[in-house]
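Visitor:
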Amino acid sequence: MSIIIQKFGGTSVGTPELRSQVIERIKETLQEGCQPVVVVSAMGRKGDPYATDTLKALAEDIYPDVSLREVDLVMSCGEILSAVVLSSMLNAEGIKASALTGAQAGMVTDGNYANAQVVDCCPDHLCSFIDDKVVPVVAGFQGSTPEGEINTMGRGGSDTTAVILGAALDAERVDIFTDVSGVATADPRILEEARIIDRINYSEVSQLAYEGARVIHPTAIEVAMKNNVTLAVRNLTDSGPGTIISEESDICGKDYGVNPRQVVTGIAHISDLAQFMVDFAEPDAHLELELFEKLGEAGVSIDLIGVFPNLKVFSVKQDVIKRTERVLQNLSLDYRIQKDCAKVSVVGVGMRNIPGVMAQVVKALQQHSIEILQTGDSNITICILVREEDLGKAIRTLHEHFQPGKKEDSKV
Ligand code: ADP
Ligand code: ASP
Ligand code: MG
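Each residue of the sequence shown is one higher than the last, beginning at 8 in the numbering used here.
1. Would you give the residue range spanned by the beta strand (DSSP E) that residue 406 belongs to?
2. Figure out for me which residue from 57, 246, 135, 311 has the closest Cα to the Cα of residue 92.
3. According to DSSP, is residue 116 part of a helix, a strand, or is it coil?
4. Where the beta carbon is closer than 5 Å to any heavy atom of ligand 3, which residues qualify, in chain order?
5. Let's see if you can read the secondary structure: which residues bound the beta strand (DSSP E) around residue 342?
6. Could you give the distance in angstroms between the alpha-carbon of residue 418 and the alpha-carbon of residue 405?
7. Going by CA-CA distance only, name the one from 20, 209, 381, 373 that's closest to residue 282.
8. Three Cβ pairs or more, each shorter than 8 Å: is that satisfied between the region 367-377 and the region 323-330?
9. Three-state secondary structure (DSSP) at residue 272?
10. Hey, how far is the Cα of residue 9 from the Cα of residue 177?
11. Under the assumption that residue 183 contacts residue 241 (Cβ atoms under 8 Å), give the Cβ distance between them as a whole number of angstroms.
12. Please check the pair residue 144 and residue 107, which I expect to be a contact at CB under 8 Å, by giving their CB distance rounded to whole angstroms.
13. Taking contact to mean 3 or more Cβ pairs, one atom from each stretch, closer than 8 Å, check whether the region 349-364 and the region 210-218 are in contact.
14. For residue 230, does the count of other Cβ atoms within 10 angstroms reach 16, so buried, or fall short, so exposed?
15. Given a cut-off of 8 Å on the beta-carbon distance, is the pair residue 171 and residue 128 in contact?
16. Look at residue 249 and residue 303 and say whether their C-beta atoms are less than 8 Å apart.
17. Let me know the secondary structure DSSP gives residue 330 once reduced to three states.
18. How long is the line joining the alpha carbons of residue 83 and residue 343, rounded to whole angstroms?
19. In terms of residues, what are the limits of the beta strand (DSSP E) holding residue 128?
20. Out of 118, 158, 112, point me to the one whose CA is closest to residue 173's CA.
21. Quick one, which of 23, 159, 90, 104 has its alpha-carbon nearest residue 76's?
22. Rounded to the nearest angstrom, what separates residue 23 and residue 50 at their Cα positions?
23. Please confirm whether any heavy atom of ligand 1 lies closer than 7 Å to the CB of residue 280.
24. Run the CB neighbour count on residue 6, radius 10 Å, all protein chains shown included, and call it buried at 16 or more, exposed below.
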């Protein structure tokens, strides 16, 4: 029997009404004659009683020095509670189901708390439930080391659980159910006009995910790409097909050489960034290396890095500003900080080797008086650092200019 992985995000299991719709989706799979393997996230979002942020705060707000190990233990409970609630609902509906922790489902992790990698997946125990015609409901976002230490897989990690199980069980499909109708050309909560992308390839969606499109976790895409797993990102509450993520894309294979306005597939963003500018009185290779080594040792992840003889520029998430400043002060370096920044990224495989895309980005932003604080690029992405207050305007401007997702004959 074909296996279909059905992953339901926190937004899809947050209320009894939504959970009833989840049950309907599982029934649809059974009616198709397929075996569902369900993966769930913790119920709800920040502020909800069993949401990941609430459980995290339970430990961290009261005991600021609590270890990452204990935080992982408490966070892993959110998904377990969700799995138990859903399996109980299924049983009450006459569908045999059992909740499994990530470890029980065979997710073997590397021991890194808060950001674990799954190093192996041993689904034999899970398969015994399938053999007994029981629907397994797996707690996403977690696994355990061979010694039994519980690890979580980074925020948004339940998507990765679903894809790993999809690969391990050779599933026919992995459906990621969420609260939007698929991967859109920009965050639909910021830009109403964002268009749902019918098909997108792994490279582009991976770039969008790394640059902040949190509708799908970047590691999930990496695992899907390596194992050639096709994903569908769908809305729990509508019947649309959503976005198919595979090797193919809507725009691959077409010739965009003539009109550089057609080269962008989507726009992603990351908020809450700070830009650091570190001044060196004179070039100093040793100090330069020490700076980046000490930042790494302090666990400060840096982005949009510009290294010049007398100046080093980089951005960090605002919640590590203090840690970053401590490193700079210990090295007696002079620095300036620009707080409240955001990064907007335009992504598209169509921009590879196309001249003039950067000029269009600059022109469009200048026309709307949006100051560019810094830029960075790879072959399919241009990133622009702007002030947080300009973020919405920058997304709208670039979206209007490049018209990602607009069908050639579309009037929209
Ligand atoms: P879930 O709880 O289902 O995992 P998430 O909150 O992790 O849901 O992801 C869904 C959210 O991703 C949407 O509500 C939307 O605001 C956001 N999002 C950001 N960028 C995009 C995008 N390009 N397309 C669709 N959604 C996006
Ligand atoms: N519940 C976890 C989080 O909020 C994992 C997930 O939702 O995928 O990050
Ligand atoms: Mg998510």
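C-beta: ideal position from N, C-alpha, C; glycine also. Computed from a predicted structure; not experimentally measured.
Guide: So, to answer that:
1. Within the sequence shown, numbered from 1, the residue matching residue 406 stands at position 399. Segment 398-409 is the alpha helix (DSSP H) holding residue 406; no beta strand (DSSP E) there.
2. Taking the sequence shown and counting its residues from 1, the one referred to as residue 92 is at position 85. Of 57, 246, 135, 311, the residue nearest in Cα terms is 57.
3. In the sequence shown, counting from the first residue as 1, residue 116 sits at position 109. Strand, per DSSP.
4. 16, 163
5. For this step, residue 342 is matched to residue 335 along the sequence shown. Element bounds for residue 342: 341-354.
6. Indexing the sequence shown from 1 puts residue 418 at position 411. Indexing the sequence shown from 1 puts residue 405 at position 398. Confidence in residue 418 is poor, its pLDDT being 38 and thus under 50, which makes the residue's placement unreliable; the coordinate value appears in the next sentence. Residue 418 and residue 405: Cα-Cα distance of roughly 18 Å.
7. Here residue 282 corresponds to residue number 275 of the sequence shown, with the count starting at 1. Checking every option, the nearest Cα to that of residue 282 belongs to 381.
8. no
9. Taking the sequence shown and counting its residues from 1, the one referred to as residue 272 is at position 265. Correct three-state label for residue 272: coil.
10. On the sequence shown, residue 9 is found 2 positions in, with the first residue counted as 1. On the sequence shown, residue 177 is found 170 positions in, with the first residue counted as 1. When rounded, the distance between both Cα atoms is 9 Å.
11. Translated into positions along the sequence shown, residue 183 becomes position 176. Translated into positions along the sequence shown, residue 241 becomes position 234. Confirmed, Cβ separation roughly 7 Å.
12. Residue 144 sits at position 137 when you count from the first residue of the sequence shown. Residue 107 sits at position 100 when you count from the first residue of the sequence shown. Yes, they are in contact, since the Cβ atoms of residue 144 and residue 107 sit about 7 Å apart, within 8 Å.
13. yes
14. Indexing the sequence shown from 1 puts residue 230 at position 223. Residue 230 comes out buried.
15. Counting from 1 along the sequence shown, the entry for residue 171 is found at position 164. Counting from 1 along the sequence shown, the entry for residue 128 is found at position 121. Yes.
16. For this step, residue 249 is matched to residue 242 along the sequence shown. For this step, residue 303 is matched to residue 296 along the sequence shown. It is not a contact, given that the beta carbons lie outside the stated cut-off.
17. Along the sequence shown, read from residue 1 onward, the residue named residue 330 stands at position 323. If DSSP states are grouped into helix, strand and coil, residue 330 belongs with the helices.
18. Counting from one through the sequence shown, the residue named residue 83 turns up at place 76. Counting from one through the sequence shown, the residue named residue 343 turns up at place 336. Their Cα atoms are separated by approximately 39 Å.
19. In the sequence shown, counting from the first residue as 1, residue 128 sits at position 121. Taken as a continuous stretch (DSSP letters only), the beta strand (DSSP E) holding residue 128 covers 125-128.
20. Your numbering for residue 173 matches position 166 in the sequence shown. For residue 173, the nearest C-alpha among the options comes from 112.
21. Working through the sequence shown from its first residue, we reach residue 76 at position 69. Comparing Cα positions, the closest option is 159.
22. Position 16 of the sequence shown, counted from the start, is the residue given in the question as residue 23. Position 43 of the sequence shown, counted from the start, is the residue given in the question as residue 50. Roughly 10 Å between the two C-alpha positions.
23. For the purposes of this step, residue 280 is taken as the residue at position 273 of the sequence shown. Flag unset: Cβ of residue 280 not near ligand 1.
24. Here the chain has residues from 8 to 419 only, and residue 6 is not among them.
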